[in-house]
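K.L.:
For the record, the sequence lines run as chains W and G.
Just so you know, my numbering puts 262 at position 253 of the first sequence, and the rest follows in order with no gaps.
Just so you know, my numbering puts 220 at position 230 of the second sequence, and the rest follows in order with no gaps.
All C-beta atoms in this analysis are idealised placements derived from N, C-alpha and C, irrespective of residue type, glycine included.
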Amino acid sequence: MALDNVWVLAETGEAGPTSLSLELLTKARTIGASVTAVAWGGGAAEHAAVLGEYGATKVYDLGDTGEALPGAPVASAMAALVEGGERPDAILFPASYDGRDVAGRLSVKLDRPVITNIVGMSDDGLSTQHSLFGGSQTATARFTGEGPFLYVVRAKSFAAESAGGGPAEVVQTAAPEAGPTAAARVVSRHVEERSGPKLDEAGVVVSGGRGLGSADSYELIEQLAKLLNGAPGASRAIVDAGWVPYARQVGQTGKTVKPNLYLACGISGATQHLVGMKGSKHIVAVNKDQDAPIFSVADLGIVGDVHKVLPALIEALKSR
Amino acid sequence: MNVVVCVKQIPDPAAPSALDPVTHNLDRSGKLILDDSDSYGVEMGLQLASGDGDEVILVSMAPGGETSGLRTALAMGAARAILVSDDALSGTDSLGTAKVLAAAISRAEPDLVLTATESTDGYTGTIPAQIAELLGLPSVTFAKKIAVDGSTVRVERQTEAGFDEVECPLPAVVSVTAGVVEPRYPSFKGIMAAKSKPVDVLAVADLGIEGGQVGSAGARQEVTDVADAEAREGGEIVVDEGNGAERILAFLEELKVI
Ligand SMILES: Cc1cc2nc3c(=O)[nH]c(=O)nc-3n(C[C@H](O)[C@H](O)[C@H](O)COP(=O)(O)OP(=O)(O)OC[C@H]3O[C@@H](n4cnc5c(N)ncnc54)[C@H](O)[C@@H]3O)c2cc1C
Ligand SMILES: Cc1cc2nc3c(=O)[nH]c(=O)nc-3n(C[C@H](O)[C@H](O)[C@H](O)COP(=O)(O)OP(=O)(O)OC[C@H]3O[C@@H](n4cnc5c(N)ncnc54)[C@H](O)[C@@H]3O)c2cc1C
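(1) Below 8 Å between beta carbons is the criterion; list the residues of the stretch 34 to 58 of chain G that meet it against any residue of chain W, in chain order.
(2) Which word fits Val196 of chain W, buried or exposed, when buried means at least 16 other C-beta atoms lie within 10 angstroms of its C-beta?
(3) With H, G and I counted as helix, E and B as strand and the rest as coil, what does DSSP make of Ser277 of chain W?
(4) Taking DSSP as the reference, what is the three-state secondary structure of Val12 of chain G?
(5) Which residues bound the beta strand (DSSP E) around Pro159 of chain G?
(6) Tell me whether the beta-carbon of Val253 of chain W lies closer than 8 Å to the beta-carbon of Tyr227 of chain W.
(7) If the cut is a Cβ gap below 8 Å, which residues of chain W does Ala137 of chain G touch?
(8) Figure out for me which residue from W:His139, W:Ala301 and W:Thr45 has the closest Cα to the Cα of Asp218 of chain G.
(9) Would you kindly check if the distance between the Cβ of Ala133 of chain G and the Cβ of Val164 of chain G is under 8 Å?
(10) To which residues of the same chain is Arg121 of chain W closer than 7 Å at the C-beta, ignoring the five residues directly before and after it?
(11) Counting only Cβ pairs nearer than 7 Å, list the residues of chain G close to Glu201 of chain W.
(12) If we cut at 8 Å on Cβ distances, does Gln232 of chain W have a partner in chain G?
(13) Could you check the C-alpha separation between Gly86 of chain G and Leu322 of chain W for me, to the nearest Å?
(14) Pick helix, strand or coil for Lys235 of chain W, following the three-state DSSP scheme.
(15) What residue does the alpha helix (DSSP H) around Asp135 of chain G start on, and which one ends it?
(16) Between Gly220 of chain W and Ile276 of chain W, which are expected to be in contact by the criterion C-beta below 8 Å, what is the C-beta distance as a whole number of angstroms?
(17) Can you tell me whether Tyr271 of chain W sits near ligand 2, meaning its C-beta is under 7 Å from at least one heavy atom of the ligand?
(18) Sort W:Leu34, W:Leu135 and W:Asp98 by Cα distance to Glu212 of chain G and report the nearest one.
(19) Whose Cβ in chain W lies nearer than 8 Å to the Cβ of Glu200 of chain G?
(20) Where Ala112 of chain W and Val123 of chain W are concerned, what is the direct C-alpha to C-alpha distance, given to the nearest angstrom?
(21) In whole angstroms, what is the alpha-carbon distance linking Asp267 of chain G and Gly67 of chain G?
(22) For the alpha helix (DSSP H) holding Gly113 of chain W, just list the boundary residues, first then last.
(23) I'd like to confirm something about Pro157 of chain W: is its beta-carbon nearer than 7 Å to some heavy atom of ligand 1, or not?
(24) Within the structure, which residues are defined as neighbours of ligand 1 by a Cβ-heavy atom distance below 5 Å, reported in chain order?
(25) Under the rule that 16 or more other beta-carbon atoms within 10 Å means buried, what is Arg147 of chain G, buried or exposed?
(26) Can you pull the chain W neighbours of Ala235 of chain G, defined as C-beta to C-beta under 7 Å?
(27) Reducing DSSP to helix, strand and coil, say where Lys297 of chain W ends up.
(28) At a CB-CB cut-off below 9 Å, which residues of chain G make contact with His56 of chain W?
(29) Considering Ser131 of chain W, what are the terminal residues of the beta strand (DSSP E) in which it resides?
(30) Note down the Cα distance separating Ser116 of chain W from Val83 of chain W, rounded to an integer number of angstroms.
(31) When every heavy atom of ligand 2 is checked, does at least one fall within less than 7 Å of the C-beta of Gly31 of chain G?
(32) Tell whether a beta-carbon distance below 8 Å holds between Gly174 of chain W and Gly64 of chain W.
(33) Check whether the Cβ atoms of Val128 of chain W and Ser166 of chain W sit closer than 8 Å, and answer yes or no.
(34) Got a sec? Which residues, its chain only, sit under 7 Å from Ile199 of chain G by beta carbon, not counting five neighbours each side?
(35) By DSSP, does Ile248 of chain G sit in helix, in strand, or in coil?
(36) Assuming Gly180 of chain G is part of the beta strand (DSSP E), what are its boundary residues?
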């Protein structure tokens, strides 16, 4: 352990800390002598038990940021802690919408560079791994200047494991007025409906791509996912085309998934898609093009038409 | 209204890319093109700044005085461009890039700054928030819909669960996702017109930025190693002759998924 004091930006929702936050806390335990979670949103105190269980001994509760987008006010509050004498050696940020905003703003406030898209880290917390060119190469990087080291880590890079720790001590901080930079406000929230398991937590993911031919055919993917008790996913091509919501997108700019089984239907296997699903335990692909790159990562590849193979599979599963 | 659109010029993603074996920087020696991710920002900017006296100004940092990508965006309809190009910028990290871009952007006195959520080649995704913080502006990232209403920008921002409607006073920085609008193809007339549109080329010193803030030294980080990742082995490939579904079924049974 080379680092004394490691902070984790812990995102929390109604259901508690996000799985990525718990993954970061788990890793923080191996790289730092002491782990502190930084949380906001008003409910931080309620989450002290879970944050403690995963390794945080202290939680800085930045309080409720209200309707402001969190990036600016959370970064201001964290900068104030550092300026007030706190000395984190490293801060782990989730590679999420708000996590990236906070990291970017804090890097300017502290004038420290950021290392992003981390998929692995040495146990001393000083070098990081990055997946390049669709996962065909791995780069190792490190900071050469002074800390705090700002690390932005991708989901599913580490497995979350409970440390069995007691509740973390909650330290309330005064959220400083972030001023005009915090002027962006959420006026309403829209939640897209979902049934079945969450995409990034499902044991089975069935994804569809442009090879489905039309938005209507995505129904095949949904049916199949339901029959296998899995979650439906998608390539960016059909998200951009408006066939399915972004929340379904798998890949570099979407979700990283590592299910037991990933079934790719009518997806070519572009590098940006592969980085999001290559870590799946088992991969099955259906594509009419024998040379589609998706076959190079598939345990079982079916060269065929999704409109023939999928309906037959659905029928067979229904009749079992 | 002045809209600044940040456009990155990158090596063609269709061509095989590589890191320089010595410096571990991305090889940017070939011709650079407009990052496709930025074509959405350009289109959005053109749609929002379509009134009399409105202007879309491009800002780019790229080596070798590269303007190919800028010309594409100018051909789409942007009025002019500011390009920062300087040998001292080789190896610059995202924070250094943001410092350069912010300094160039402030020259254009924008009401709105648009970027993509992340670039295709570096994809750190930190530049939008960094630029906003450097300029002292609010920001809304991951916009999938944008409308300007007087001095307010209204954005539908992607979230894990769906989207949020966000309101933000101008000036502001907004990062857009692919799909926010359908980018137009440059017309022949546009391509011809782009050839004579002004491109202001600046060096780091012109922006009042100290050399130590940028380049490899300013990055304060280094790539120490690049290695081939463990390749995932391809498995069995079966040509469907009416038996494809059966084969998948058998595999699912083997895995005990069913
Ligand atoms: C910066 C950046 C980020 C990106 N991020 C992502 C990301 O997060 N996720 C992502 O998925 N992509 C991402 N992309 C896009 C990616 O490069 C590809 O364009 C995209 O994944 C292609 O989607 P697709 O496979 O559905 O479509 P295509 O590439 O068009 O492939 C369709 C496939 O369907 C097959 N097919 C056609 N008809 C049939 C049929 N009847 N039966 C069976 N097969 C059929 C074809 O042979 C083909 O292989 C990103 C790109 C960039 C530049
Ligand atoms: C594989 C790889 C990994 C890297 N990892 C890191 C890292 O971990 N940390 C780090 O500090 N640097 C990293 N870099 C360097 C970094 O990509 C460059 O510093 C780059 O100039 C800016 O970052 P970005 O493209 O990743 O920005 P992003 O934040 O992904 O870009 C968002 C948007 O900002 C605008 N923008 C970005 N750059 C420019 C530009 N030059 N001109 C105009 N507009 C622009 C575009 O609209 C772009 O879509 C990496 C580079 C590579 C090739």
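P.N.:
According to the data block:
(1) Residues of the stretch 34 to 58 of chain G with a Cβ closer than 8 Å to any Cβ of chain W: none.
(2) On the first sequence, residue 196 of chain W is found 187 positions in, with the first residue counted as 1. Val196 of chain W comes out exposed.
(3) Taking the first sequence and counting its residues from 1, one reaches residue 277 of chain W at position 268. Reduced to three states, the DSSP call for Ser277 of chain W is coil.
(4) Against the second sequence, residue 12 of chain G aligns to sequence position 22. Val12 of chain G falls in the coil class under three-state DSSP.
(5) Walking along the second sequence from the start, residue 159 of chain G turns up at place 169. Counting along the chain, the beta strand (DSSP E) containing Pro159 of chain G begins and ends at Gly152 to Pro159.
(6) For the purposes of this step, residue 253 of chain W is taken as residue 244 along the first sequence, with counting starting at 1. For the purposes of this step, residue 227 of chain W is taken as residue 218 along the first sequence, with counting starting at 1. Yes, they are a contact pair.
(7) Counting from 1 along the second sequence, the entry for residue 137 of chain G is found at position 147. None at all; the shortest Cβ gap to chain W is about 13 Å.
(8) As a first step, residue 218 of chain G is located in the second sequence; it is residue number 228 there, counting from the start. Among W:His139, W:Ala301 and W:Thr45, the Cα nearest to that of Asp218 of chain G belongs to W:His139.
(9) Position 174 of the second sequence, counted from the start, is the residue given in the question as residue 164 of chain G. Position 143 of the second sequence, counted from the start, is the residue given in the question as residue 133 of chain G. Yes, Cβ-Cβ distance for Val164 of chain G and Ala133 of chain G is below 8 Å.
(10) Within the first sequence, residue 121 of chain W is the residue found at index 112, counting from 1. The answer, listed in chain order, is Pro157 and Leu159.
(11) Locating residue 201 of chain W in the first sequence gives position 192, counting from the first residue. Result: Ala151 and Gly152.
(12) Taking the first residue of the first sequence as position 1, residue 232 of chain W is located at position 223. The Cβ of Gln232 of chain W sits no closer than 8 Å to any Cβ of chain G.
(13) As a first step, residue 86 of chain G is located in the second sequence; it is residue number 96 there, counting from the start. As a first step, residue 322 of chain W is located in the first sequence; it is residue number 313 there, counting from the start. Roughly 53 Å separates the two Cα atoms.
(14) For the purposes of this step, residue 235 of chain W is taken as residue 226 along the first sequence, with counting starting at 1. Three-state result, Lys235 of chain W: helix.
(15) In the second sequence, residue 135 of chain G corresponds to position 145, counting from 1. In the sequence as presented, Asp is not what sits at residue 135 of chain G; that position holds Lys. It is not in any alpha helix (DSSP H) - Lys135 of chain G instead sits in the beta strand (DSSP E) that spans Ser129 to Asp139.
(16) Along the first sequence, one-based indexing puts residue 220 of chain W at 211. Along the first sequence, one-based indexing puts residue 276 of chain W at 267. Indeed they touch by this definition, with Cβ atoms about 7 Å apart.
(17) Position 262 of the first sequence, counted from the start, is the residue given in the question as residue 271 of chain W. No, the beta carbon of Tyr271 of chain W sits no closer than 7 Å to any heavy atom of ligand 2.
(18) One-based indexing of the second sequence puts residue 212 of chain G at position 222. The residue with the shortest Cα to Cα distance from Glu212 of chain G is W:Leu135.
(19) Start at 1 with the first residue of the second sequence, and residue 200 of chain G comes out as number 210. Residues of chain W passing the Cβ test: none, with the nearest at roughly 12 Å.
(20) As a working note, residue 112 of chain W is residue 103 in the first sequence. As a working note, residue 123 of chain W is residue 114 in the first sequence. Cα to Cα, the separation comes out at about 7 Å.
(21) Outside the displayed span of chain G (-9 to 248) sits residue 267 of chain G, for which this structure offers no information.
(22) Position 104 of the first sequence holds residue 113 of chain W. Taken as a continuous stretch (DSSP letters only), the alpha helix (DSSP H) holding Gly113 of chain W covers Tyr106 to Leu119.
(23) The residue labelled residue 157 of chain W in the question sits at position 148 within the first sequence. Pro157 of chain W Cβ: outside cutoff for every heavy atom of ligand 1.
(24) W:Gly218, W:Arg219, W:Gly220, W:Ser244, W:Arg245, W:Ala246, W:Gly260, W:Gln261, W:Thr262, W:Gly263, W:Gly275, W:Ile276, W:Ser277, W:Ala279, W:Gln281, W:His282, W:Asn296, W:Lys297, W:Asp298, W:Ala301, W:Asp314, W:Val315 and G:Thr110
(25) Position 157 of the second sequence holds residue 147 of chain G. Arg147 of chain G is buried by the Cβ-count criterion.
(26) For this step, residue 235 of chain G is matched to residue 245 along the second sequence. Neighbours of Ala235 of chain G on chain W, chain order: Val318, Ala321, Leu322 and Ala325.
(27) As a working mapping, residue 297 of chain W is identified with position 288 in the first sequence. If DSSP states are grouped into helix, strand and coil, Lys297 of chain W belongs with coil.
(28) Taking the first residue of the first sequence as position 1, residue 56 of chain W is located at position 47. Within chain G, no residue comes near His56 of chain W; the closest Cβ sits about 17 Å away, beyond 9 Å.
(29) One-based indexing of the first sequence puts residue 131 of chain W at position 122. No beta strand (DSSP E) contains Ser131 of chain W, which DSSP labels as neither H nor E.
(30) Residue numbering aside, residue 116 of chain W sits at position 107 when the first sequence is read from its first letter. Residue numbering aside, residue 83 of chain W sits at position 74 when the first sequence is read from its first letter. Rounded to the nearest angstrom, the two C-alpha atoms are 12 Å apart.
(31) In the second sequence, the residue the question calls residue 31 of chain G occupies position 41. Yes, since a heavy atom of ligand 2 falls inside the 7 Å radius drawn around the Cβ of Gly31 of chain G.
(32) What you label residue 174 of chain W is simply residue 165 of the first sequence in a count that begins at 1. What you label residue 64 of chain W is simply residue 55 of the first sequence in a count that begins at 1. The answer is yes: Cβ separation under 8 Å.
(33) Reading the first sequence from its first residue, position 119 is the one you call residue 128 of chain W. Reading the first sequence from its first residue, position 157 is the one you call residue 166 of chain W. Yes, these two residues count as a Cβ contact at 8 Å.
(34) The sequence position of residue 199 of chain G within the second sequence is 209, counting from 1. Closer than 7 Å at Cβ, skipping near neighbours: Lys89, Val90 and Ala93.
(35) Mapped onto the second sequence, residue 248 of chain G falls at position 258. Of the three classes helix, strand and coil, the one that applies to Ile248 of chain G here is coil, per DSSP.
(36) For the purposes of this step, residue 180 of chain G is taken as residue 190 along the second sequence, with counting starting at 1. Counting along the chain, Gly180 of chain G falls outside any beta strand (DSSP E), though it belongs to the alpha helix (DSSP H) covering Phe178 to Ala184.
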